[in-house]
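Numbering-wise, the numbering used here comes out as the position in the sequence shown, counting from 1, plus 2. Think of the CB as a built atom: it goes at the ideal place given N, C-alpha and C, for glycine as much as any other residue. On a predicted model such as this, the values are computed, not experimentally measured, just so you know. Below is one structure; the comments refer to it alone.
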Amino acid sequence: MYFIKLLNSYIIKSISYCALTLLFLLAFQGPATAATAITQNVTNISYNNATGNGVVSNPFFVNAYGVCWNTTGAPTLADNNTNEGTTNVAVGFSSEMSGLEPGTIYFVRAYAREWWGTISYGDVVEFTTTRFIPTVTTQPVTDIKSKSALGHGTVKDLGISNPTQHGVCWNSDGDPTVDDKRTEEGALHVTGPFATEIKGLKSNRVYFVRAYATNHEGTAYGNEVVFSTSSSPPIVSTQDVDDIGRNNAKANGTILDVGSPDPTQHGFCWNTTGMPDLGDYITEQGEVNETGPFSFVITELLPDRIYYVRAYATNTAGTSYGNEVSFRTATNPDGSAPDGSSGDGYGFCFIATLNTANMVIMHAIIIFSAIVWAVVYFKGRKR
Numbered sequence: 003m004y005f006i007k008l009l010n011s012y013i014i015k016s017i018s019y020c021a022l023t024l025l026f027l028l029a030f031q032g033p034a035t036a037a038t039a040i041t042q043n044v045t046n047i048s049y050n051n052a053t054g055n056g057v058v059s060n061p062f063f064v065n066a067y068g069v070c071w072n073t074t075g076a077p078t079l080a081d082n083n084t085n086e087g088t089t090n091v092a093v094g095f096s097s098e099m100s101g102l103e104p105g106t107i108y109f110v111r112a113y114a115r116e117w118w119g120t121i122s123y124g125d126v127v128e129f130t131t132t133r134f135i136p137t138v139t140t141q142p143v144t145d146i147k148s149k150s151a152l153g154h155g156t157v158k159d160l161g162i163s164n165p166t167q168h169g170v171c172w173n174s175d176g177d178p179t180v181d182d183k184r185t186e187e188g189a190l191h192v193t194g195p196f197a198t199e200i201k202g203l204k205s206n207r208v209y210f211v212r213a214y215a216t217n218h219e220g221t222a223y224g225n226e227v228v229f230s231t232s233s234s235p236p237i238v239s240t241q242d243v244d245d246i247g248r249n250n251a252k253a254n255g256t257i258l259d260v261g262s263p264d265p266t267q268h269g270f271c272w273n274t275t276g277m278p279d280l281g282d283y284i285t286e287q288g289e290v291n292e293t294g295p296f297s298f299v300i301t302e303l304l305p306d307r308i309y310y311v312r313a314y315a316t317n318t319a320g321t322s323y324g325n326e327v328s329f330r331t332a333t334n335p336d337g338s339a340p341d342g343s344s345g346d347g348y349g350f351c352f353i354a355t356l357n358t359a360n361m362v363i364m365h366a367i368i369i370f371s372a373i374v375w376a377v378v379y380f381k382g383r384k385r
């Protein structure tokens with residue numbers, strides 16, 4: 003009986019010892035097969051962050067897993083790393099790697115650390131962060147005219163590498179890009195403000211503009227700014243007057259540029275003193291929306307008078323005048339005074355309208371008459 007009890011006690015102790023030994027081995031040595039970390043390709047690579055990917059397989063009790071990285075190769079947990087937590091089942095994961103440097107080569111690998119300290123590393127994967135585009139802002143447009151303006155921008159960050167081109171771009175629809183109209187101010191090596199002249203605009207129009215800067219990584223745009231060009235006056239010229247009569251003449255002009263907006267009125271103005279304007283005699287020939295010649299027969303003029311005439315066109319920007327042209331109306335056929343004149347007698351009015359040839363003839367007649375009178379007079383005295 004005693005022997006049986008002793009045997010039972012021995013068996014129980016042996017089982018307990020084996021169990022404790024097994025627990026000890028599990029606690030300090032781990033299972034026969036350790037967890038495996040597998041590194042996958044890095045994704046979502048930018049200039050300052052990227053996503054590391056991996057798989058943990060055959061875990062017993064993993065108390066930390068993720069990725070670790072450096073710039074020298076074979077990274078460990080002593081380098082930068084992520085920790086996605088614990089697991090006791092196989093799992094795929096993604097970890098965000100942040101705080102990276104632009105244009106830099108990095109080495110990364112997945113890891114799995116079991117709770118007793120064993121660390122499994124995956125293969126090393128290499129990737130390169132991108133270089134980043136510049137940072138720019140757009141300031142309000144200044145010096146706005148009918149056909150031009152001055153655009154402004156500021157380069158806050160050159161990016162990597164330095165910009166090869168910068169300026170402003172614009173259109174009349176919004177969200178302008180370098181595929182629209184643009185200025186080109188060349189390469190940049192320092193940050194700071196810049197100004198650039200915007201040309202080739204149309205008057206009285208709304209435009210959208212953005213600053214831009216381009217490097218090898220792409221083009222960066224600033225905020226959008228809106229501005230409107232000012233109105234522009236028309237441009238007109240005056241041609242020679244023709245078909246001149248005693249009381250009328252045909253004035254001729256040309257609209258060289260309608261300006262913006264289109265003229266609401268155009269025509270001719272004239273007077274007898276020079277530099278006529280809208281305060282003198284005028285014609286009103288209405289609106290015009292295209293360039294080209296125009297004419298008007300001016301009536302109710304006085305004979306043998308010098309007149310001055312100018313073409314004009316008016317829009318909201320103001321009234322533009324052409325060059326001044328002068329002409330003289332024809333003389334009355336009988337040499338009488340012009341209508342409305344108040345001469346002291348026939349002789350005065352007649353003399354006032356004589357031209358050079360008539361004056362010579364008149365002098366000859368007077369001299370001849372004087373000679374005839376003298377001959378007749380002296381013959382009468384002799385008798």
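Among the options, the one whose alpha carbon lies nearest that of residue i
i: A253; options: N225, S262, T285 and T231; result: T285
i: D125; options: N55, T318, G87 and N250; result: N55
i: M99; options: T256, R111, R133 and I200; result: R111
i: Q267; options: V243, G320, N217 and E219; result: G320
i: S322; options: E302, G261, G276 and N334; result: G261
i: N249; options: N82, A332, P165 and I121; result: A332
i: R312; options: D245, G269 and Q287; result: G269
i: Y223; options: I200, P236, Q167 and S233; result: Q167
i: R307; options: A251, D145 and N291; result: A251
i: Q287; options: L280, F296 and G281; result: F296
i: P61; options: N83, D81, S163 and N90; result: N90
i: S328; options: Y283, F298, V243 and E289; result: V243
i: P241; options: G324, E187, N173 and G194; result: Pro is not the amino acid found at residue 241; the sequence shown has Gln there. The option with the nearest alpha carbon to Q241 is G324.
i: F109; options: N83, T140 and D259; result: N83
i: S234; options: P263, H191 and S174; result: P263
i: N85; options: I107, Y113 and T74; result: Y113
i: Q141; options: Y49, G220, R212 and T231; result: R212
i: G194; options: F63, G155 and T221; result: G155
i: D245; options: R184, F298 and V127; result: F298
Neighbour flag for residue i against chain B, beta carbons, 8 Å
i: P335; result: Among the chains in the structure shown there is no chain B, since it carries only a single protein chain.
With 16 other Cβ atoms within 10 Å as the buried cut-off, status of residue i
i: R115; result: buried
i: A1; result: Given that the chain is displayed from residue 3 to residue 385, the structure contains no residue 1 and the question cannot be resolved.
i: N51; result: exposed
i: R330; result: exposed
i: G68; result: buried
i: P335; result: exposed
i: G161; result: buried
i: P77; result: buried
i: G281; result: exposed
i: V192; result: exposed
i: T275; result: exposed
i: I300; result: buried
i: T74; result: exposed
i: I200; result: buried
i: V290; result: buried
The beta strand (DSSP E) enclosing residue i, as first and last residue numbers
i: F134; result: No beta strand (DSSP E) holds F134; DSSP gives it neither H nor E.
i: F298; result: G294 to I300
i: Y108; result: I107 to E116
i: D175; result: Per DSSP, D175 belongs to no beta strand (DSSP E) and is neither H nor E.
i: I146; result: Taken as a continuous stretch (DSSP letters only), I146 belongs to no beta strand (DSSP E), as it is neither H nor E.
i: K252; result: A251 to D259
i: A66; result: V64 to N72
i: I121; result: I121 to Y123
i: E199; result: G194 to I200
i: Q42; result: T38 to T45
i: S230; result: V227 to S230
i: H268; result: Q267 to N273
i: D244; result: I237 to D244
i: I308; result: I308 to N317
Test item: CB-CB of residue i and residue j under 8 Å
i: A36; j: V138; result: no
i: S150; j: L203; result: yes
i: G176; j: F210; result: yes
i: G294; j: T256; result: yes
i: Y314; j: V238; result: yes
i: G153; j: T198; result: yes
i: P136; j: V157; result: yes
i: S97; j: A39; result: no
i: T144; j: I47; result: no
i: P278; j: T316; result: no
Straight-line Cα distance separating residue j from residue i
i: E326; j: W272; result: 9 Å
i: V58; j: G94; result: 6 Å
i: G119; j: E226; result: 57 Å
i: F352; j: P305; result: Note on F352: pLDDT 29, under 50, position unreliable in the model; the coordinate value appears next. Approximately 14 Å between the Cα atoms of the pair.
i: C70; j: F129; result: 13 Å
i: D182; j: V170; result: 10 Å
i: N65; j: G87; result: 6 Å
i: N206; j: G105; result: 47 Å
i: T45; j: L79; result: 21 Å
i: N357; j: I146; result: Unreliable placement is indicated for N357, whose pLDDT of 45 sits below 50; the coordinate value is still reported in the next sentence. Straight-line Cα distance between these residues: approximately 57 Å.
i: H218; j: S163; result: 7 Å
i: P165; j: E292; result: 45 Å
Residue i: CB within 7 Å of a non-hydrogen atom of the ligand NAD
i: L258; result: This structure does not include the ligand NAD; it has no bound ligands of any sort.
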